[in-house]
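Residue 245 in the numbering used here is what sits at position 243 of the sequence shown, and the numbering runs on without skipping anything.
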Amino acid sequence: MLRSMSTPTAHALIFDEHLGPEARAVLEVTGADTERFLQGLLSADVRELEGSAALPATLLTAKGRIVSELIVVANDDGGFALIVPASRSEAVFEDLERHVIMDDVSLRARPELRVALLWGEGDEEPALDAGVLARRTTHPGPGRVLIGAQAAIDRALSTAHRASAAQWAAYRVATASPAWGHELAVDRFPPEVGFVAAVSYDKGCYRGQEPLARIHARGQVNWVMVRVEAAGGEMAVPVDLSAESRDKAGQLTTFAAGGDAPAGLAIVHRSLAQAGTVLTGAGVQFTVQTGPLGDDLGLRSN
């Protein structure tokens, strides 16, 4: 029997069409060779995946640029679920399918499944209907990611506060969590968009590994993610940013207007990624609050 969560203070969000580019789809990967197959294509170390946790990853081109981000979840039956941006699900499916040659690997889209995130105080794992998975995750934000049929997800989240898109944006800004269609995008390098947590530098070969290894050895990319505060105002993103020293300073990619100090995430030139730097865009002044977030420190940290 389904039990309610222990506290109503947790927040929940279902990643459906109302979130636009952040909507999610699920692909199922099964077969005896699945782990080895994914290990050779994804940037994360799938062998480190624990049953109680989800793993952020990217599918890259041979040049190390993002095709899609994804979340890898180990199913209870030994297979894997890949949670992908809905707008990229077909491209990811076709990319993976092209690489299934002599492997015992089967791919299947699961359009009937929904994806949700539970976070905040009281986000202990709810009791779940059969067929619903819950895993600790850091992406798309810190919390528990749930996969299941719509009705079962609704029951699992019945006592949680349903977060609005604005509340979700504020949570992402506070936790420095990049999102697809905002910071994360096709043709970016993961270190440029605060997504180094999705990359393993010591697991061995995978598609796109060599360019990222070179970046890791050099220790920097020219563009990085930072948190900024705004002098005020509601605004739609993206917003082109400029600085006194650089006309093309970057872009504001996420904006959260609530709270005492409106804040956001931005992709800026590395030379501007230090607290106190002043940027302008759309007639508004922004002040950088952090150094690079989700950056690849590379060999500089050793």
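All C-beta atoms, glycine included, are put in the ideal place defined by N, C-alpha and C.
Since the model is a prediction, treat every value here as computed from it, not as a measurement.
Distance, residue j Cα to residue i Cα
i    : j    : result
A181 : P58  : 12 angstroms
L15  : S166 : 8 angstroms
Q211 : D262 : 42 angstroms
G33  : G266 : 42 angstroms
S179 : E185 : 9 angstroms
T289 : G252 : 13 angstroms
E30  : Y203 : 26 angstroms
H13  : G122 : 6 angstroms
A88  : V188 : 14 angstroms
F17  : R146 : 13 angstroms
T11  : D156 : 16 angstroms
I217 : G300 : 8 angstroms
D78  : G53  : 8 angstroms
A277 : E194 : 18 angstroms
CB contact below 8 angstroms: residue i versus chain D
i    : result
H101 : Going by chain labels, chain D is absent from the structure shown, which holds only one protein chain.
The alpha helix (DSSP H) enclosing residue i, as first and last residue numbers
i    : result
R216 : Q211 to R220
V94  : S91 to R100
T11  : Taken as a continuous stretch (DSSP letters only), T11 belongs to no alpha helix (DSSP H), as it is neither H nor E.
T60  : Here T60 belongs to no alpha helix (DSSP H); instead the beta strand (DSSP E) covers L57 to L62.
L40  : T36 to Q41
Cβ-Cβ distance between residue i and residue j below 8 angstroms
i    : j    : result
P192 : S45  : yes
T36  : V86  : no
A154 : G133 : yes
V75  : A83  : yes
A168 : G260 : yes
A28  : V102 : Residue identity differs from the one stated: residue 28 is Val in this sequence, not Ala. Against a cut-off of 8 angstroms, the Cβ pair of V102 and V28 comes out as no contact.
G196 : G66  : no
V286 : A232 : yes
Y208 : L51  : no
T256 : A158 : no
L254 : V223 : no
V198 : D131 : no
Segment limits, beta strand (DSSP E) that includes residue i
i    : result
E246 : Per DSSP, E246 belongs to no beta strand (DSSP E) and is neither H nor E.
R190 : Note, R190: premise wrong, no beta strand (DSSP E); not H, not E.
T139 : L135 to T139
A151 : G145 to A151
Nearest-angstrom beta carbon gap, residue j and residue i [assumed within contact, 8 angstroms]
i    : j    : result
M237 : I269 : Contact doesn't hold; Cβ gap of about 16 angstroms is too wide.
L115 : A151 : 7 angstroms
E71  : A176 : With 8 angstroms as the limit, E71 and A176 do not qualify as a contact, their Cβ atoms being about 20 angstroms apart.
H141 : I68  : Incorrect: roughly 13 angstroms between the Cβ atoms, too far for contact.
R138 : A219 : So it is not a contact: roughly 32 angstroms between Cβ atoms.
G143 : Y173 : 6 angstroms
V48  : L40  : 5 angstroms
- [ ] Please determine if the segment 268–282 and the segment 247–259 are in contact, where contact requires at least 3 C-beta pairs separated by less than 8 angstroms.
- [x] yes
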